[in-house]
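In full-length UniProt numbering, the protein residues as written are 1 to 276.
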Amino acid sequence: MMIPQISHVPVLLSVRRSVLLLPLPQNEGSQVQAQGQPPQRVILWMIYPRQRSQNMEMATVAQGLSPTSSPPQCSPWRKNACCSVNTSIEAHKDISYLYRFNWDHCGKMEPACKRHFIQDTCLYECSPNLGPWIREVNQSWRKERILNVPLCKEDCQSWWEDCRTSYTCKSNWHRGWDWTSGSNKCPTGTICRTFEAYFPTPAALCEGLWSHSYKLSNYSRGSGRCIQMWFDPALGNPNEEVARFYALALTAEAWPQGIRPLLLCLALMLSLWLHD
Numbered sequence: 001m002m003i004p005q006i007s008h009v010p011v012l013l014s015v016r017r018s019v020l021l022l023p024l025p026q027n028e029g030s031q032v033q034a035q036g037q038p039p040q041r042v043i044l045w046m047i048y049p050r051q052r053s054q055n056m057e058m059a060t061v062a063q064g065l066s067p068t069s070s071p072p073q074c075s076p077w078r079k080n081a082c083c084s085v086n087t088s089i090e091a092h093k094d095i096s097y098l099y100r101f102n103w104d105h106c107g108k109m110e111p112a113c114k115r116h117f118i119q120d121t122c123l124y125e126c127s128p129n130l131g132p133w134i135r136e137v138n139q140s141w142r143k144e145r146i147l148n149v150p151l152c153k154e155d156c157q158s159w160w161e162d163c164r165t166s167y168t169c170k171s172n173w174h175r176g177w178d179w180t181s182g183s184n185k186c187p188t189g190t191i192c193r194t195f196e197a198y199f200p201t202p203a204a205l206c207e208g209l210w211s212h213s214y215k216l217s218n219y220s221r222g223s224g225r226c227i228q229m230w231f232d233p234a235l236g237n238p239n240e241e242v243a244r245f246y247a248l249a250l251t252a253e254a255w256p257q258g259i260r261p262l263l264l265c266l267a268l269m270l271s272l273w274l275h276d
């Protein structure tokens, strides 16, 4: 998977269309700031949509669904998504132009299982709340990735339960495929077995599938401490609070030890403010 490159933004997340700039502390012995240059800051701000998905209804029609059918799985992000209608349409295809990845590489994947991979794609492509987990990498096919996003334990458990009887041939889907046909095929020497054979536990699936893009969280949905892959947009986006909390925690780690409790208190105050 690839992430759109974001430069010069140490921490990126939604804060109700407000902007909060926190200067980073200067370590002793560090290079003196160039004259006339502003101090480096951690930026906590609202991600405005590149393209509002006001035509998400068009995606429903384009997928052959009636207006009364279940909405596309990317629809929870339709009001502030970083993705387009085309992204939503492609996320629902068995082999889309997004990654040219074939979910059915070991026979037809069960629909109950496939919906989790569609939702995974929607979260990855559309969520504006993954900033705290973006890391720079030096790879030929990408420069940034997400790492150890804390996925709520119920979401990981249901993903594993719904996929345990579907088939695959690999325990790590990031690398090692045969791409000679233009889409992924099982490499020579691998055997199609059930997901449960390759992923014996929920943690093995959620953490191993995409090289630790996700981490199985001990927290539950609604706790404000884990990312939800599924949520009802009518009730708001719970991942905004989660991203805020972890971004401020990252900021606290960069500050001198005496300042950290103050910043953690600020994170808790923001959480309480959200529930007012």
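Here a beta-carbon is modelled for each residue, glycine too, at the ideal position from N, C-alpha and C.
What you are looking at is a predicted structure, and each value in this text was computed from that prediction instead of being measured.
| Check | Outcome |
| --- | --- |
| Burial state of residue 228 (16 or more Cβ within 10 Å) | buried |
| Start and end residues, alpha helix (DSSP H) containing residue 207 | 202 to 208 |
| Between the CA atoms of residue 213 and residue 287 - distance to the nearest angstrom | Any answer about residue 287 is impossible in this case: the structure gives the chain only from 1 up to 276. |
| Three-state class that DSSP yields for residue 239 in the structure shown | helix |
| Bridge-paired residues (DSSP) for residue 227 | 151 |
| Rounded straight-line distance, which links the Cα of residue 169 to that of residue 198 | 8 Å |
| Residue range of the unbroken beta strand (DSSP E) whose run includes residue 142 | 142 to 146 |
| Proximal residues to residue 196 (C-beta, below 6 Å), its chain only, five neighbours per side dropped | 164 |
| Collapsed DSSP secondary structure at residue 116 in the structure displayed | helix |
| Simplified DSSP assignment, three categories, for residue 244 | helix |
| Residue 136 - partner residues in DSSP beta bridges | 144 |
| Below-9 Å beta-carbon distance, residue 226 vs any chain B residue | As a matter of chain content, chain B is missing from the structure shown, which is built from one protein chain. |
| Helix, strand or coil at residue 182 [DSSP, three-state] | coil |
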